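A.B. asks: Can you keep this structure in mind? I'll have questions shortly.
Here's what the structure looks like:
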């Protein structure tokens, strides 16, 4: 074979394949192309049929074959795809490999022309577990249809695990008062979603808070006595910082563990995955309330691991293996072997991330997944450059130290203002680096992302988004926009649990409340100009997809590239991105007000914020349940009323 050539469509594939050889010819595909399968997995055939049926009629269509051959394709989940004029051949190491070949085939296809560009591709993933964690409990709960569409898009990017972060956002049968349908998923919705995910080779995994981050449950009168530090404040009256910090379970209380078991049993009745993330992160109050003086130094670590082992045993009785976060466990390496049947999720999202800490868990014999983030939480628009560095560096750490997978996390701290479309870039980059450790980044990746994931006509808007969000890499734009004065300081604590007095809470508080005083007028002006470029691009792309939707309504074939997304899906994407640009502009203007500049009158600024808030509510309702929208609206209304300038 000749040297790899990434030409035309092969140059835009996401993830980029390891070996791609472009041919001059094309294969013509029609909805009547014969499919011959020796795979024995109906999901693969179904995916092939769905792909084929997007084409129109063709008089002499090429045939399609699906085969498993572990001798030819040696790597797990790997495949060889060969496209010739008369035949499209897919050979996989297993059924999953064949399925991923079809996803590549879909990205290569020119549906309008009824053809696929000739090529031979040999490909396989570097990491076998490639996941996304999506937060559904900090305020925003997606509808079932939104989650199904997300699964389609993730599967097209060869993601094979979706974790749903659930602190309380599930309708528990043992106590329906914890959550209702408007604020969480029902068991029936989860079962439908679980089945839908399995059909697309995606494992749906629950992530349930079982020690920290239990504010909703432990604030209820019937469960308050189970908290390390009790509260008399209802969850509804807590501000976002109090909810985010959460309440911590009293791990020495046997009744507290019984509550966790009830929650787990309900959840595991709905999810079929053989793994569950029991979290265990950020138990800020542990040893600071009822157990202060009883649990000191090493005793805290001992109590923490005993609790995780007890929760592990509950899950084991249901034939489930546990995931748990790394932030506490990393401080007690001598205790790690006690959880060697679990899977540790090693996380970190900025300059404080301990990438080489991955080695501590691998060397202790634990299966380890690295967990970067999309850098969207507490931001108007995701900090693309920050997320890119985080994802790439954790990918490098995974390969250097022997981690088996990567889960890219997408949180929703402080009401989950950040919109789904803004996180698609991080999802796609996480998928790319989980599949291929040497993946492209920067403008090259942006072009592929725009073309494949958003069906954008170009990537100029992604470049503008990078430039406008670079100013948000060092501070949190969402709380800065709506807060009138300084944020209430988070309660301190966490001495001992993190191996000594921790600055974590202090750092989080500082990052949240500190206005970006260090940004110069020139930097703010450049970011503002970039935001207008990005907004214009979003509007152009939205108009393009609206026109394409109308053409489709007139029965003219239109291409669908990635994840069965419809034109309406793309319209919603660009509506959310455009809204994010507008809110970002308002944030930048607030920075100018603070520096004594007057980009517009305060009254006009207030009116613009009200207008954007109304359209934000409409965008929210198209993809989400009511959930925390009222809280977002209240914060924005207060900001508009006072024309916030601090």
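In the numbering used here, the protein residues as written are 73 to 718.
In this text, a Cβ means the ideal position worked out from N, Cα and C, and glycines have one as well.
Bear in mind that the values here come from a model prediction, so they are computed numbers and not experimental data.
Could you tell me the alpha carbon to alpha carbon distance between residue 592 and residue 484, rounded to whole angstroms?
C.D. replies: Whole-angstrom Cα-Cα distance: 29 Å.
A.B. asks: Which class does residue 181 belong to by DSSP, given the choice of helix, strand or coil?
C.D. replies: Reduced to three states, the DSSP call for residue 181 is strand.
A.B. asks: Mind reading off the beta-carbon distance from residue 298 to residue 327? Whole number of angstroms is fine, and I expect it under 8 Å.
C.D. replies: That pair is a contact at about 6 Å.
A.B. asks: Check whether the region 480 to 497 touches the region 204 to 212, counting contact only when three or more Cβ pairs, one atom from each stretch, lie closer than 8 Å.
C.D. replies: Cβ pair count under 8 Å is three or more, so yes.
A.B. asks: Strictly by DSSP, which residues pair up with residue 430?
C.D. replies: Residue 430 pairs with nothing; no bridge assigned.
A.B. asks: If I follow the unbroken alpha helix (DSSP H) through residue 207, where does it start and stop?
C.D. replies: Premise fails: residue 207 lies in the beta strand (DSSP E), 201 to 207, not in any alpha helix (DSSP H).
A.B. asks: So which of 175, 376, 340, 213 has the shortest CA-CA distance to residue 231?
C.D. replies: Here the closest residue by C-alpha is 175.
A.B. asks: Going by alpha carbons, who is nearest to residue 135 out of 145, 106, 117?
C.D. replies: Comparing Cα-Cα distances from residue 135 to each of 145, 106, 117, the minimum goes to 106.
A.B. asks: Near residue 430, what residues of its chain come up, given a Cβ to Cβ distance below 7 Å and the 5 sequence neighbours on each side ignored?
C.D. replies: Taken in chain order, the residues that qualify are 418, 440, 442, 469, 470, 473, 475.
A.B. asks: Since residue 539 contacts residue 620 with CB under 8 Å, what's their CB separation in whole angstroms?
C.D. replies: The Cβ separation is near 28 Å, so there is no contact.
A.B. asks: Thinking C-beta only, is residue 283 closer than 8 Å to residue 188?
C.D. replies: The answer is no: Cβ separation not under 8 Å.
A.B. asks: Residue 665 and residue 684 look like a contact to me (Cβ under 8 Å); what is the Cβ gap, rounded to whole Å?
C.D. replies: Not a contact, Cβ separation roughly 17 Å.
A.B. asks: Answer yes or no: do residue 463 and residue 394 have a C-beta to C-beta separation smaller than 8 Å?
C.D. replies: Their beta carbons are not under 8 Å apart, which means residue 463 does not touch residue 394 by this criterion.
A.B. asks: If I'm right that residue 522 touches residue 530 with Cβ under 8 Å, what's the distance once you round it to whole angstroms?
C.D. replies: That pair is a contact at about 7 Å.
A.B. asks: Unbroken alpha helix (DSSP H) runs of length 4 or more, entirely within the region 273 to 347: which are they?
C.D. replies: List check, alpha helix (DSSP H) in window: 287 to 290, 312 to 317, 326 to 342.
A.B. asks: Do residue 650 and residue 601 count as a contact pair if the criterion is CB distance below 8 Å?
C.D. replies: Not a contact, by the Cβ cut-off of 8 Å.
A.B. asks: Below 8 Å, how does it come out for the region 158 to 171 and the region 112 to 119: are there three or more Cβ pairs, yes or no?
C.D. replies: Yes: at least three Cβ pairs fall under 8 Å.
A.B. asks: Are residue 548 and residue 662 close, meaning C-beta to C-beta below 8 Å?
C.D. replies: The answer is no: Cβ separation not under 8 Å.
A.B. asks: Helix, strand or coil, according to DSSP, for residue 579 in the structure here?
C.D. replies: Because the pLDDT of residue 579 is 39, which lies under 50, any placement of that residue in the model is unreliable, and the number read from its coordinates should be weighed accordingly. Helix at residue 579.
A.B. asks: Three-state secondary structure (DSSP) at residue 663?
C.D. replies: Note: residue 663 maps to helix in three-state DSSP.
A.B. asks: Quick check: what's the CA-CA separation for residue 677 versus residue 487?
C.D. replies: Using only the alpha carbons, I get a separation of about 23 Å.
A.B. asks: Grouping DSSP H, G and I as helix and E and B as strand, with all else coil, what is residue 160?
C.D. replies: The answer is strand: DSSP assigns residue 160 an E or B state.
A.B. asks: How many Å lie between residue 256 and residue 305 at the Cα?
C.D. replies: Taking the straight line from one Cα to the other gives about 21 Å.
A.B. asks: Would you call the CB atoms of residue 367 and residue 411 closer than 8 Å?
C.D. replies: Against a cut-off of 8 Å, the Cβ pair of residue 411 and residue 367 comes out as no contact.
A.B. asks: Cβ atoms of residue 97 and residue 190: under 8 Å apart, would you say?
C.D. replies: Result yes, Cβ atoms of residue 190 and residue 97 sit closer than 8 Å.
A.B. asks: Alpha carbon to alpha carbon, what distance is there between residue 552 and residue 346?
C.D. replies: If I take the Cα positions, the gap works out to 41 Å.
A.B. asks: Can you give the beta carbon distance from residue 182 to residue 152, rounded, assuming they're within the 8 Å contact cut?
C.D. replies: Contact flag wrong, Cβ pair sits at about 21 Å.
A.B. asks: Just how far apart, CA to CA, sit residue 323 and residue 353?
C.D. replies: Distance between the alpha carbons of residue 323 and residue 353 is about 14 Å.
A.B. asks: With DSSP collapsed to three states, give me the class of residue 246.
C.D. replies: Residue 246: coil per DSSP, three-state reduction.
A.B. asks: Hey, residue 504 and residue 86: beta-carbon distance below 8 Å or not?
C.D. replies: Going by C-beta atoms, residue 504 is nearer than 8 Å to residue 86.
A.B. asks: Is the distance from the Cβ of residue 226 to the Cβ of residue 236 below 8 Å?
C.D. replies: No, the pair does not count as a contact, with Cβ atoms beyond the cut-off.
A.B. asks: Beta strand (DSSP E) containing residue 193: first to last residue?
C.D. replies: Per DSSP, residue 193 belongs to the beta strand (DSSP E) from 187 to 195.
A.B. asks: Helix or strand or just coil, what does DSSP make of residue 466?
C.D. replies: DSSP places residue 466 in helix when its eight states are reduced to three.
A.B. asks: Whole-angstrom Cβ separation of residue 280 and residue 223, contact assumed at under 8 Å?
C.D. replies: Not quite, the Cβ-Cβ distance comes to about 20 Å (not below 8 Å), so this is no contact.
A.B. asks: Could you say which of 491, 123, 674 lies nearest to residue 701 if we only look at CA atoms?
C.D. replies: Of 491, 123, 674, the residue nearest in Cα terms is 491.
A.B. asks: Could you work out which residue in 221, 141, 371, 262 is closest to residue 241 when comparing CA atoms only?
C.D. replies: The residue with the shortest Cα to Cα distance from residue 241 is 262.
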